[in-house]
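*Asks:* Encoded as structure tokens, here's the structure I'll be asking about.
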């Protein structure tokens, strides 16, 4: 209903997840989004730049023992690390320094890249502790992966900075990510690739199941799907180049409504963090005495609490706003502009926060009502208006005092990697022409200074012999810091651009899949699609055993016959000698035989039923193969950087191998769809007639035992008899020609799948190690309740015995003394079924990255369909079979 409107308001994440859900649907009625015409994005730099590296992922649970993560973290604690030392000019390790690191530590911590690198000493030590010969062996690649993420959890991801530990709704402690740009908790979002589980092992909380990606898209690629794109923000100028190159969007600066009178003072730089925080506390005390409200911005929860402790010891009243007490955000922000107020906050008080000088009259009114025991939503309107008028008068008087004192003063305790975040913090003061000021306090121990630009400033302080409590304040130093920020911004721009280039490969494949998948849902008749798949499968099969130009005596006709019989059981009756034809004739012969076999399947199942089965089977196979493809592409991308050591461009190699994987997936989709459709096995279940005694089941009999007097043709409905005899004629023409089955025929005639034993009921698992994959559909006579389609996962058997062995299928006959049977032609409109693909019997229902999805028998996902899948689209909706996800 929401998407039916011409203008839809929503969050970027919800729009993105709806797009993914739509393309996992198995029925057109489940689609919610309309065409993507025009998107207008608020705080556009936050969404398209800061969040550009964060993909939206719908995932399903993936079993991985929790103990594995605990064991590897225990191992990580036994290894010794060392922070990467940067050469002051090149910002790279000297060769000598690296060799020293190889012997001095087990791993090197690279904070800039947020990575951990095992040294030779560390590898040997880990192998000894794990009792392994090779940590990076191909047989167990997960060992090295678990080792690296355990070390990252230990060294790179820090509590109260990158994440917090807090109780969930069930009272269980959990690790919740803190947004590095807004300082807010990101409920429902988790680190991927087992990293979140490694953090949970580190903190000793319950380890959640690892997940497998079912569908994913980045916000970059999602919003680029819109025909037109626009947005607004107060801090886009610094990223003008990126908006132009990535999104083809120009940046236009609009003048402010009122002149900005805020004073931005130069930065104050100290030698260490301790001296910096003492200086911040001193300035807060001065401002507090004059009555000016102060907003202090910190980069992490830890540092906000540290500064709060200093102010507490000095007796300065204050409020702390961070992700741990986010529920008090409205109250704290409403009071932040009051006379003499002091507020310490993380980035939560930055973007989008409006601090009113003198306070917020509406909030003060509600607080007054609560103190009087009144509910603000239910209180008498006259009382509400009276108190609101009083609060407005109070706020106006207090606002005048604050403005006279100089307005809101903003203090930044550290520069962020992006100038935009700093500008957002500064922008809390001096809004709408109000007076105000800002100043940043820095130290050489800050992350930005330490990693990207503190060397030059440190040299200046050493030359001047500056005391640690003595700051440097100069425009030159502030300019040097700004240049360091520009370097960081360019570095992150390069990272985002690189990510986009890699993601373009998946984005191209995703578009093909989603477009073709929708055509399948819209198509009323998928027979041409399936026939094209059959042609492609037989052509690929022919190419594996017979090649044009190769001497015929070198052809592997036996291998061709075996695979044909395994894929299309009805062709098992072919003699190998029938395949001894010229190449062109053999190609046509095999294709015609496969098409004829499919015609026979349609005669047995009925056209309507087979059309619905085709749609369900194709979607089911496509979804699973796409999930597998996503996993393979992730694995490819993870190790593709190593190609650079072989003097190859990793991006080009990724594109080349990604295309190969895509084409292999397409081939697998066609093969499995064709195999599944030819292994559908149908039996007809007769209804029990009222007041009639049930006759005992007849024993299993061979064809030689079937005599005309046991089962006459007049006892079988003509429609069923015609269908059964058509299949018998195709699968075993000798029996049909010699008249053995003309006088008497069983109620069900079909060669049993490999592995079925005499006496077994159809649909039961075979005895021993029998294999095979097939569907069994139970179709009742008129008036009977339709049972569910039963899928037996007999795993990977697709091979059938050759020739005569296959033809000697057993025939089961069930007799009942009843009036003439009704017409029991299968009717797709009466069938309610759940179709599952062979490899998914043990899969887990998908869940979104933010919340669990509905339980399902399937892992709905996306499909990869370039060639061989597609049909004419129309507006009709599929009927008959329920989608497998129902």
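Numbering (my numbering), first residue to last: 118 to 1003.
Backbone N, C-alpha and C fix where the C-beta goes; we use that ideal spot for every residue, glycine too.
1. Apart from the five residues just before and just after residue 119, which ones in its own chain have a Cβ nearer than 7 Å to its Cβ?
2. Report the partner residues of residue 394 according to the DSSP bridge assignment.
3. Taking all protein chains shown into account, do 16 or more other C-beta atoms lie within 10 angstroms of the C-beta of residue 740, making it buried, or fewer, making it exposed?
4. According to DSSP, is residue 345 part of a helix, a strand, or is it coil?
5. Note down the Cα distance separating residue 622 from residue 365, rounded to an integer number of angstroms.
6. In its own chain, which residues sit with a C-beta less than 7 Å from the C-beta of residue 149, not counting the 5 before and 5 after it?
7. Counting pairs of beta carbons, one from the region 482-495 and one from the region 516-535, are three or more of them closer than 8 Å?
8. Any contact between the region 402-411 and the region 276-288? By contact I mean 3 or more CB pairs, one from each, below 8 Å.
9. Counting only the same chain and skipping the five closest in sequence on each side, list residues whose C-beta sits under 7 Å from that of residue 72.
10. Along the beta strand (DSSP E) that carries residue 193, what are the first and last residues, could you check?
11. State the beta-bridge partners of residue 417 as determined by DSSP.
12. Grab me the residues of residue 170's own chain with a C-beta within less than 8 Å of its C-beta, minus the 5 sequence neighbours each way, in chain order.
13. For residue 280, report the span of its alpha helix (DSSP H) as first-last.
14. Please state whether DSSP places residue 603 in a helix, a strand or coil.
15. CA-CA distance, residue 157 and residue 558?
16. Using CA atoms only, rank isn't needed, just tell me which of 500, 519, 143 and 278 is closest to residue 455.
17. Would you call the region 344-358 and the region 181-189 touching, i.e. three or more CB-CB distances under 8 Å?
18. Compute the beta-carbon to beta-carbon distance between residue 415 and residue 530, rounded to the nearest angstrom, for a pair I have assumed lies under 8 Å.
19. Classify residue 369: buried if its beta carbon has 16 or more other beta carbons within 10 angstroms, exposed otherwise.
20. Quick one: using the 10 Å Cβ neighbour count with 16 as the cut-off for buried, is residue 934 buried or exposed?
21. Got a sec, what are the start and stop residues for the beta strand (DSSP E) residue 200 sits in?
22. Compute the distance between the beta-carbons of residue 590 and residue 751, then report whether it is under 9 Å.
23. For residue 413 versus residue 433, is the C-beta spacing smaller than 9 Å?
24. Would you decide whether residue 645 is buried or exposed? Buried here means 16 or more other CB atoms lie within 10 Å of its CB.
25. Evaluate residue 122 with the Cβ neighbour count: other Cβ atoms within 10 Å of its Cβ, from every protein chain shown; 16 or more gives buried, anything less gives exposed.
26. How many whole angstroms separate the CB atoms of residue 585 and residue 388, which I take to be in contact at a CB cut-off of 8 Å?
27. Determine, using beta carbons only, whether residue 263 comes closer than 9 Å to chain C.
28. To the nearest angstrom, how far is the alpha carbon of residue 252 from that of residue 262?
29. Ignore the nearest five residues each way along the sequence and tell me which others in residue 296's own chain have a CB closer than 7 Å to its CB.
30. Out of 197, 748, 435 and 687, point me to the one whose CA is closest to residue 718's CA.
31. Give me, in chain order, the residues of the same chain whose beta-carbon lies closer than 8 Å to that of residue 315; leave out the 5 immediate sequence neighbours on both sides.
32. Just checking my contact of residue 475 with residue 446 at CB under 8 Å: how many whole Å lie between their CB atoms?
33. Just the Cα atoms here: how many angstroms apart are residue 300 and residue 625?
34. Quick check on this structure: which residue in 410, 411 and 442 has the alpha carbon closest to the alpha carbon of residue 422?
35. Taking residue 547 and residue 377 to be in contact with their CB atoms under 8 Å, please state how far apart those CB atoms are, rounded to whole angstroms.
36. Return helix, strand or coil for residue 689, following the three-state DSSP convention.
*Replies:* Checking against the coordinates, here is how it stands:
1. 125
2. In DSSP, residue 394 forms no bridge with anything.
3. That one is buried.
4. strand
5. 20 Å
6. 120, 135 and 139
7. no
8. No: fewer than three Cβ pairs fall under 8 Å.
9. One cannot answer for residue 72 here, as it falls past the ends of the chain, which runs 118 to 1003.
10. Unbroken run through residue 193 is the alpha helix (DSSP H), 183-194; no beta strand (DSSP E).
11. Residue 417 pairs with nothing; no bridge assigned.
12. 335, 612, 613 and 616
13. First-last for residue 280: 280-284, but that is the beta strand (DSSP E), not the alpha helix (DSSP H).
14. Helix at residue 603.
15. Pairing residue 157 with residue 558, the inter-Cα distance amounts to about 36 Å.
16. 519
17. These segments do not touch.
18. Between residue 530 and residue 415 the Cβ distance is about 5 Å, and since that is below 8 Å, they are a contact.
19. With fewer than 16 other Cβ atoms from the protein chains shown falling within 10 Å of its own Cβ, residue 369 counts as exposed.
20. Low confidence applies here, because residue 934 scores a pLDDT of 35, under 50, leaving its location unreliable and the question unanswered by this model.
21. 198-200
22. no
23. In this structure, residue 433 does not lie closer than 9 Å to residue 413 by Cβ.
24. exposed
25. exposed
26. 4 Å
27. This model lacks chain C altogether, as it is built from one protein chain only.
28. The alpha-carbon atoms of residue 252 and residue 262 are separated by roughly 10 Å.
29. Contacts found: 303.
30. 687
31. 186, 189, 190, 263, 266, 267, 269 and 270
32. Actually they do not touch by this definition, with Cβ atoms about 19 Å apart.
33. 34 Å
34. Shortest Cα-Cα distance from residue 422 to any of 410, 411 and 442 involves 442.
35. 5 Å
36. helix
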